[in-house]
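Asks: Pasting a structure below so you can have a look.
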Amino acid sequence: MSYLLSLLIFIPLVGTPFVYLVGRRNKHAGIYLTLGLSVITFLLALYSFWFIYAHSPALGQYALVEKYTWFNFQFIGLDYMVGLDGLSAPLVVLSSLLSILVIIGSRRLIDHHEAEYYALLLLFEGSIMGVFLSLNLIVFYIFWELVLIPMFFFIGVWGGPRRKYAALKFILFTFTGSTIMLLGFLYFYLGMPSPSFDIPTIQAMIQNHQIPVGIEYLPLLASFIGFGVKLPVVPFHTWLPDAHVEAPAPISVLLAGVLLKMGGYGILRISISLFPQASYEYAWVFLVIGAVTMFYGAIVALLATDLKRMIAMTSINHMGFVLLGAYATVATGSPLGVEGAIFQMFTHGLAIGALFMLSGYVHEQAGTREIPLLKGLKVTMPRTAVLLVLGSAAAMGLPPFANFLAEFMIIAAGISAYSILGVTILVPVITSGYFLWFIKRSILSSPEGSATQHDIPKPDALAIASYLVPLVILMIFSYLIIAPSVPVAQFLAHLAGLRGG
Amino acid sequence: MDLLPAAIIILAASSLGIPLFQLLGDKKSKIPAYILIAVLTVSLVLIGANTIWPTTETSFGGLLGSDALGGFFALVTLGMTLMVVVASISYIRNANSPIYYGLLSFTALGMLLLSYSQDLLMLFVSWELMSLPTYALAGYDKKRAQSNEASVKYAIIGAMSSAIILYAISLTYGLTGTTQIIPAVRALASQPFNPLVSVAVILFVAGFGFKMAIVPFHMWIPDVYEGAPTTVSTLFASATKSAGFVAAIRVILAFATVYVLTQNPLFTLANVIAVLAVLTMTLGNVAALTQKSMMRLLAYSSIAQAGYILVGFVAYAYSPLSSTATIGMTGVLFHILNNAIMKGVAFLAAALVLLELKRGDLQAYNGLGKRMPITAFTITIAFLALAGVPPLSGFWSKLLLFLSVINGPFAWLAVAGILNSAFSLGYYGWVIKRLYMDEPESAEKVSEPLAFVIVFAVAVGLIIGLGLFPQIVTNFAPSAVKNIFPG
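Here the protein sequences come in this chain order: L and B. Residue numbers for the first sequence follow my numbering, beginning at 17 and rising by one. Residue numbers for the second sequence follow my numbering, beginning at 256 and rising by one.
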């Protein structure tokens with residue numbers, strides 16, 4: 017099936033106007049149409065993942081590639097090119113899975129402008145698929161920017177009290193970052209002996225030593241600004257707490273579960289693989305930034321009193337792992353770091369998604385998200401409490417959740433790069449600290465007053481449990497994600513080692 | 256066969272004929288509008304055919320040449336005039352409509368002739384034919400003091416710019432003995448360096464700069480755009496502004512092909528335009544951020560767009576006839592087209608809000624997504640395109656513009672342009688926030704007349720269509736770029 021990847025992108029995109037039109041007449045029909053299209057997308061994504069798992073492409077190769085000339089002008093040749101490998105396949109599955117869970121979770125939490133909401137949800141899903149699948153820098157950039165527009169409206173229209181501020185801050189930060197990134201791409205493009213925007217072509221040129229190393233430094237910086245804002249890394253992270261806290265809970269799931277992955281994906285797919293020599297020289301800088309981001313996220317989360325803010329800061333902490341893992345591979349040439357980073361992106365998306373969704377229910381029922389004010393959830397909302405404990409355990413990196421494995425791999429890779437990075441073992445300790453403290457204060461305490469609260473309904477509890485089940489499965493069958501990621505990691509290590517040593 | 260004279264003749268006939276309806280008595284008649292729509296449509300078809308199957312003929316003794324460059328600008332300016340006329344059917348309700356449409360027809364004729372002018376005198380005459388009716392149009396709301404002020408201000412500034420252009424023309428004639436542009440440039444190429452030519456070029460920059468809305472010749476823009484009837488402001492921001500650019504391309508860039516401004520390597524035309532470009536985009540964007548009125552915001556953002564367009568001028572002036580110059584000029588043509596559509600439709604949307612709500616301040620736009628959904632959606636698309644968000648049309652033209660300078664001494668210009676684009680999303684996003692996230696002052700739905708809806712649909716279709724298929728413009732543009740200085 018040669019159109020498979022385009023279908024992944026265009027089923028949601030083409031569905032957008034239809035969902036809007038149907039949803040305006042009949043709310044429920046619109047929701048079911050969205051759900052149906054997302055399920056189809058998810059099944060196609062699963063198939064494509066299986067395809068990658070079964071026929072793992074060789075080093076530096078992509079499967080299911082589609083390539084059409086979009087337009088040719090002077091020396092600018094622009095191809096619509098999509099392809100899949102062990103890096104993008106897990107993220108495609110993650111995005112389509114989270115989209116379904118978010119649609120299910122939105123039924124109760126979104127109560128106005130439903131037609132617009134679900135139409136934008138599909139627009140978001142289609143563009144995020146485009147980001148993970150494009151193999152052409154300009155097409156990648158187009159989808160990258162397209163993601164911003166639905167997210168801007170999600171935060172600004174359906175968000176909390178400070179939603180407008182958060183929405184503007186979000187779009188200004190990310191748009192500025194990505195325009196700088198585009199400038200870097202253009203500079204790099206014109207510096208190549210035979211310019212191309214196609215990622216596989218550029219990678220082939222790098223392997224043949226056809227690209228002068230001197231032109232890599234500025235684009236590396238520019239792309240890191242673009243991806244660093246999304247990931248986010250300290251000091252480009254300040255949009256994140258506002259956006260995550262103000263966004264409605266289902267959208268926080270998409271923000272943390274999918275949107276942040278764009279940053280990690282971009283660093284692996286572009287920063288490292290297209291600018292490998294510059295990456296190798298400055299790997300220590302990125303390792304330091306990654307470690308600082310991990311500690312910063314963990315310490316700020318420790319101090320947070322708002323449950324959602326605590327989870328948001330946990331995201332910063334966990335995405336720091338991704339940066340650390342990615343550059344540990346660049347520095348050492350061992351593929352372990354990148355494998356861990358890809359694994360971490362997948363597991364973080366699910367664990368944090370469950371926690372954000374739960375925080376939405378807690379807020380809806382208890383009327384507050386302030387941890388000191390939440391008391392005795394084990395009595396008032398037992399189902400929610402169980403799920404919160406399980407989700408926290410996943411986020412802490414406690415076995416049997418696969419998050420443990422991902423963080424273990426990354427820290428091990430970090431130590432093999434610079435043994436001083438062993439201090440990052442403290443980050444999971446701090447993380448466990450604040451999650452356990454939260455459990456002690458809000459869940460295991462005795463309830464105040466006799467206010468009865470409705471517990472989370474069973475179908476929704478089941479939906480949230482389905483975030484966590486794959487994590488347990490992946491702890492046992494970790495090779496499902498790791499095996500396809502090995503060639504990607506080896507290829508990145510190979511590129512970084514071309515001139516480095 | 257050259258179809259250009261046919262288009263000129265029918266436009267001239269309608270210009271002379273439409274005002275006669277005033278004598279028939281019905282001063283609110285819509286018939287003049289329908290006639291002008293028909294005439295403009297026929298002219299557009301004729302010009303389109305003429306542009307697709309170009310001829311080498313020249314008309315009126317070499318004064319006009321029907322080349323691709325002229326065809327492009329004639330299509331842009333007349334197309335935008337057509338949009339303005341369609342929207343005016345709903346907007347100009349209580350005025351002397353035959354005179355209004357007659358003046359619009361004259362302006363259209365002027366812009367058509369200007370697009371094809373090959374001779375400085377023809378260029379000047381068409382420039383005046385385009386400008387004079389607009390002075391009257393700016394004051395068309397004769398009972399509103401602001402409109403009168405706009406008219407007077409515009410007329411004075413316009414007269415000054417005409418005088419400057421005329422002076423530059425006379426200098427050129429004195430130095431070369433011809434008013435034909437290309438022969439004059441060829442004559443200059445064979446002469447030794449003469450500083451008077453630089454004076455002429457700088458005067459041309461200043462004279463055309465008033466219409467193009469570049470800093471420091473921009474002072475009149477916000478007042479006139481705000482004061483004039485909004486449909487007329489639309490014409491200024493999209494059509495006559497584009498006409499200013501075609502004059503600049505035909506004259507200044509033709510000179511730049513063979514002539515350096517001074518022997519001093521610092522004070523070159525490319526450097527001068529680069530500085531103007533940065534000033535224009537930065538001032539436009541910074542000032543737009545602080546505006547409280549929609550018209551003024553659009554006016555300043557219009558100035559900023561002129562700054563982006565100048566980036567392509569720099570690429571051409573720096574190394575004419577190179578491939579980067581072709582990319583830059585393709586970006587220029589593309590962005591002029593995009594700017595005309597995006598800015599034109601944004602102004603028309605503002606006109607509709609002004610017409611229905613009787614307010615032009617940004618407060619009036621709060622919650623417009625609930626009250627006027629089509630208008631709000633149109634503004635959103637136009638603003639996102641103006642900020643250069645892909646995959647809308649504005650993205651491609653900016654990409655080409657910045658690509659043309661990024662690998663050379665003007666890379667800083669691309670950086671400035673990109674940062675300006677990011678910055679501009681601040682105020683565009685702020686307005687979009689008002690449209691969809693702020694609460695409206697009243698929940699009452701507001702009607703959206705069919706004439707406006709048609710224009711909005713066409714413009715949004717063009718913005719998205721050109722974004723998905725940019726090759727429509729990029730395949731055509733290089734042949735137009737060759738017309739600037741044919742060898």
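Don't be surprised by glycine CBs; every beta carbon is placed ideally from N, CA and C.
#1: Can you tell me where the alpha helix (DSSP H) with Met692 of chain B in it begins and where it stops?
#2: Using alpha carbons as the reference points, say which of B:Gly624, B:Thr306, B:Ser578, B:Ala677 lies closest to Ala559 of chain B.
#3: From Leu490 of chain L to Leu496 of chain L, what does the alpha carbon distance come to, in whole angstroms?
#4: Rounding to the nearest angstrom, what Cα-Cα distance links Ala461 of chain B and His364 of chain L in this structure?
#5: How would you list, in chain order, the residues of chain B whose beta-carbon sits under 7 Å from the beta-carbon of Val38 of chain L?
#6: Does Asp281 of chain B pass the burial test, meaning 16 or more other C-beta atoms within 10 Å, or should it be called exposed?
#7: Could you work out which residue in L:Leu478, L:Ile441, L:His253, L:Ser287 is closest to Ala509 of chain L when comparing CA atoms only?
#8: For Ile582 of chain B, would you say it is in contact with chain L, using Cβ-to-Cβ distances shorter than 7 Å as the test?
#9: Could you list which residues in chain A have their beta carbon closer than 8 Å to that of Val173 of chain L, in chain order?
#10: Name the chain L residues whose beta carbon is nearer than 8 Å to that of Trp685 of chain B?
#11: With distances taken between CB atoms, is the gap from Gly31 of chain L to Leu62 of chain L smaller than 7 Å?
#12: Pick helix, strand or coil for Glu82 of chain L, following the three-state DSSP scheme.
#13: Is the shortest distance between the beta-carbon of Gln726 of chain B and the beta-carbons of chain L less than 7 Å?
#14: CA-CA distance, Trp247 of chain B and Ile302 of chain B?
#15: Can you tell me which of the three DSSP states Gly517 of chain L falls into?
#16: How far does the beta strand (DSSP E) with Tyr96 of chain L in it reach, from first residue to last?
#17: What's the gap between the Cα of Tyr395 of chain B and the Cα of Gly39 of chain L?
#18: With three or more C-beta pairs closer than 8 Å as the rule, is the segment 235-252 of chain L touching the segment 166-185 of chain L?
#19: First and last residue of the alpha helix (DSSP H) that includes Leu199 of chain L?
#20: My guess is that Gln277 of chain B and Pro353 of chain B are in contact by the Cβ rule of under 8 Å, so how many angstroms apart are they, rounded?
#21: Please list, in chain order, all residues of the same chain as Lys43 of chain L whose beta carbon is under 8 Å from its beta carbon, the five residues on each side excluded.
#22: Within 6 Å: the Cβ of Ala503 of chain B and any heavy atom of the ligand HEM?
#23: What are the start and end residues of each continuous alpha helix (DSSP H) run of 4 or more residues lying completely inside the segment 236-277 of chain L, in chain order?
#24: Just checking: is the beta-carbon of Tyr312 of chain L within a distance shorter than 7 Å of some beta-carbon in chain B?
#25: Would you tell me roughly how many angstroms separate the C-alpha atoms of Val440 of chain B and Val301 of chain L, rounded to the nearest one?
#26: Using a C-beta to C-beta distance shorter than 8 Å, which residues of chain B count as neighbours of Arg179 of chain L?
#27: Would you list the one or two residues that DSSP bridges to Asn403 of chain B?
#28: With distance defined between alpha-carbon atoms, name the residue in L:Gly513, L:Pro473, L:Pro463 nearest to Val395 of chain L.
#29: What does the alpha-carbon distance come out to for the pair Ser104 of chain L and Val600 of chain B?
#30: Does chain B have any CB closer than 7 Å to the CB of Gly517 of chain L?
#31: What is the rounded straight-line gap between the Cα of Tyr422 of chain B and the Cα of Leu458 of chain B?
#32: Just the C-alpha distance for Gly517 of chain L and Ala479 of chain L, rounded to the nearest angstrom, thanks.
#33: So, for Tyr483 of chain L: in the same chain, excluding its five sequence neighbours on each side, which residues have a beta-carbon less than 6 Å away from its beta-carbon?
#34: For the segment 708-735 of chain B, which residues have a CB atom closer than 7 Å to at least one CB atom of chain L, in sequence order?
#35: Under 7 Å Cβ to Cβ from Leu690 of chain B, same chain only, skipping five residues before and after it: list those, please.
#36: Can you list, in chain order, the residues of the segment 260-290 of chain B whose Cβ is nearer than 8 Å to any Cβ on chain L?
Replies: Let's see:
#1: 666-692
#2: B:Ala677
#3: 7 Å
#4: 59 Å
#5: Within chain B, no residue comes near Val38 of chain L; the closest Cβ sits about 17 Å away, beyond 7 Å.
#6: exposed
#7: L:Ser287
#8: yes
#9: Here chain A cannot be found, since the structure's protein chains are L and B.
#10: Leu184
#11: no
#12: strand
#13: yes
#14: The structure shown has nothing for residue 247 of chain B, since chain B only spans 256 to 742.
#15: Because Gly517 of chain L carries a pLDDT of 46, less than 50, the predicted location of this residue cannot be relied on, and no value is offered for it.
#16: 92-100
#17: 45 Å
#18: no
#19: 179-207
#20: 4 Å
#21: Glu130, Ala131
#22: The ligand HEM is absent from the structure shown, which contains no ligand whatsoever.
#23: 255-262, 265-270
#24: no
#25: 56 Å
#26: Met692
#27: Per DSSP, none; premise fails for Asn403 of chain B.
#28: L:Pro463
#29: 40 Å
#30: Here the model assigns Gly517 of chain L a pLDDT of 46, short of 50, so the residue's position is not dependable, and the following value carries that caveat. Chain B, which has no Cβ nearer than 7 Å to the Cβ of Gly517 of chain L, makes this no.
#31: 8 Å
#32: Per-residue confidence for Gly517 of chain L stands at a pLDDT of 46, beneath the threshold of 50, marking its modelled position as unreliable; the derived number appears in the next sentence. One C-alpha to the other measures close to 48 Å.
#33: Leu366, Gly369, Ala370
#34: Pro725, Gln726, Thr729
#35: Tyr620, Leu623, Gly624, Ala631, Ile634, Thr635
#36: none
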